[in-house]
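Asker:
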Amino acid sequence: MFSIDKGDWWCDLHRYDLLLQLIEALEKCMYNVYEGTVKFFFIRNKSTYCEWLNRIRIPIILTAVRNCNQYLMHACSLGQAEIQACGHEAAGNLEQAAYEYK
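Quick note: the sequence shown uses this note's numbering, first residue 32, plus one each step.
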(Lines of atoms letter the chains of each structure in order from A and count residues from 1; the text may use other names and numbers.)
(Lines give C-alpha, C1' and ligand atoms only; values in the text may rest on other atoms or scores of the structure.)
Protein backbone atom coordinates (compact mmCIF):
# COMPACT_ATOMS: atom_id res chain seq x y z
CA MET A 1 0.00 0.00 0.00
CA PHE A 2 2.81 2.40 0.86
CA SER A 3 6.24 2.66 -0.62
CA ILE A 4 8.66 -0.09 0.26
CA ASP A 5 10.98 2.34 2.03
CA LYS A 6 9.39 2.82 5.42
CA GLY A 7 11.13 5.96 6.56
CA ASP A 8 11.39 7.56 9.95
CA TRP A 9 7.62 7.95 10.20
CA TRP A 10 7.23 4.16 10.34
CA CYS A 11 9.86 3.83 13.08
CA ASP A 12 8.17 6.56 15.11
CA LEU A 13 4.76 4.93 14.70
CA HIS A 14 6.22 1.58 15.77
CA ARG A 15 7.82 3.20 18.84
CA TYR A 16 4.50 4.63 19.99
CA ASP A 17 2.83 1.27 19.47
CA LEU A 18 5.54 -0.41 21.56
CA LEU A 19 5.16 2.25 24.25
CA LEU A 20 1.42 1.61 24.48
CA GLN A 21 2.02 -2.15 24.63
CA LEU A 22 4.59 -1.64 27.39
CA ILE A 23 2.17 0.38 29.50
CA GLU A 24 -0.56 -2.22 28.98
CA ALA A 25 1.78 -5.05 30.02
CA LEU A 26 2.99 -3.05 33.01
CA GLU A 27 -0.58 -2.38 34.08
CA LYS A 28 -1.38 -6.11 33.86
CA CYS A 29 1.70 -6.99 35.92
CA MET A 30 0.80 -4.42 38.54
CA TYR A 31 -2.76 -5.74 38.67
CA ASN A 32 -1.42 -9.25 39.19
CA VAL A 33 0.78 -7.96 42.00
CA TYR A 34 -1.95 -6.25 43.99
CA GLU A 35 -4.57 -8.95 43.29
CA GLY A 36 -2.19 -11.91 43.32
CA THR A 37 -0.84 -14.28 45.94
CA VAL A 38 0.98 -11.66 48.00
CA LYS A 39 -2.19 -9.65 48.18
CA PHE A 40 -1.81 -8.51 51.78
CA PHE A 41 1.56 -6.88 51.14
CA PHE A 42 0.65 -5.09 47.93
CA ILE A 43 -2.96 -4.24 48.61
CA ARG A 44 -1.83 -1.09 50.40
CA ASN A 45 0.04 -0.01 47.25
CA LYS A 46 -2.95 -0.45 44.95
CA SER A 47 -3.90 3.22 45.21
CA THR A 48 -0.31 4.23 44.41
CA TYR A 49 -0.24 2.00 41.32
CA CYS A 50 -3.60 3.25 40.08
CA GLU A 51 -2.69 6.88 40.71
CA TRP A 52 0.57 6.52 38.80
CA LEU A 53 -1.10 4.77 35.86
CA ASN A 54 -3.85 7.38 35.71
CA ARG A 55 -1.24 10.13 35.76
CA ILE A 56 0.80 8.76 32.83
CA ARG A 57 -1.93 7.12 30.72
CA ILE A 58 -3.37 10.31 29.20
CA PRO A 59 0.00 11.88 28.24
CA ILE A 60 1.09 8.64 26.57
CA ILE A 61 -2.17 8.31 24.64
CA LEU A 62 -1.99 11.98 23.59
CA THR A 63 1.59 11.51 22.42
CA ALA A 64 0.59 8.51 20.32
CA VAL A 65 -2.44 10.30 18.86
CA ARG A 66 -0.52 13.49 18.06
CA ASN A 67 2.21 11.59 16.30
CA CYS A 68 -0.31 9.54 14.37
CA ASN A 69 -0.80 12.74 12.36
CA GLN A 70 2.59 12.10 10.74
CA TYR A 71 1.33 8.72 9.58
CA LEU A 72 -1.90 10.20 8.22
CA MET A 73 -0.05 13.02 6.45
CA HIS A 74 2.18 10.46 4.75
CA ALA A 75 -0.83 8.43 3.67
CA CYS A 76 -2.56 11.54 2.32
CA SER A 77 0.54 12.62 0.43
CA LEU A 78 0.47 9.51 -1.74
CA GLY A 79 0.21 10.44 -5.35
CA GLN A 80 -2.42 9.18 -7.76
CA ALA A 81 0.05 6.65 -9.18
CA GLU A 82 0.48 4.94 -5.81
CA ILE A 83 -3.27 4.81 -5.29
CA GLN A 84 -3.76 3.30 -8.76
CA ALA A 85 -0.98 0.82 -8.05
CA CYS A 86 -2.80 -0.29 -4.91
CA GLY A 87 -5.91 -0.83 -7.00
CA HIS A 88 -4.00 -2.92 -9.54
CA GLU A 89 -2.37 -4.92 -6.77
CA ALA A 90 -5.73 -5.61 -5.13
CA ALA A 91 -7.15 -6.73 -8.47
CA GLY A 92 -4.26 -9.13 -8.99
CA ASN A 93 -2.59 -7.14 -11.79
CA LEU A 94 0.84 -7.29 -10.17
CA GLU A 95 2.79 -6.37 -13.30
CA GLN A 96 0.74 -3.22 -13.77
CA ALA A 97 1.06 -2.43 -10.05
CA ALA A 98 4.86 -2.77 -10.24
CA TYR A 99 4.88 -0.40 -13.22
CA GLU A 100 2.80 2.16 -11.29
CA TYR A 101 5.08 1.98 -8.24
CA LYS A 102 8.10 3.09 -10.30
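All C-beta atoms, glycine included, are put in the ideal place defined by N, C-alpha and C.
These figures come from a predicted structure and were not determined experimentally.
Short of 7 Å in beta carbon distance, which residues of its chain neighbour TYR80, apart from the five on each side in sequence? Order them along the chain.
Answerer: So the qualifying residues of the chain are MET61 and TYR65.
Asker: For LEU51 versus ALA95, is the C-beta distance shorter than 8 Å?
Answerer: Cβ atoms of LEU51 and ALA95: closer than 8 Å.
Asker: Leaving aside the five residues before and after GLU58 along the sequence, list all residues of the same chain whose C-beta is less than 8 Å from its C-beta, in chain order.
Answerer: Counting only Cβ-Cβ distances below 8 Å, and skipping sequence neighbours, we find LEU84.
Asker: Taking the alpha-carbon positions, what's the ARG46 to ASP39 distance?
Answerer: Spanning the two alpha carbons is a distance of roughly 11 Å.
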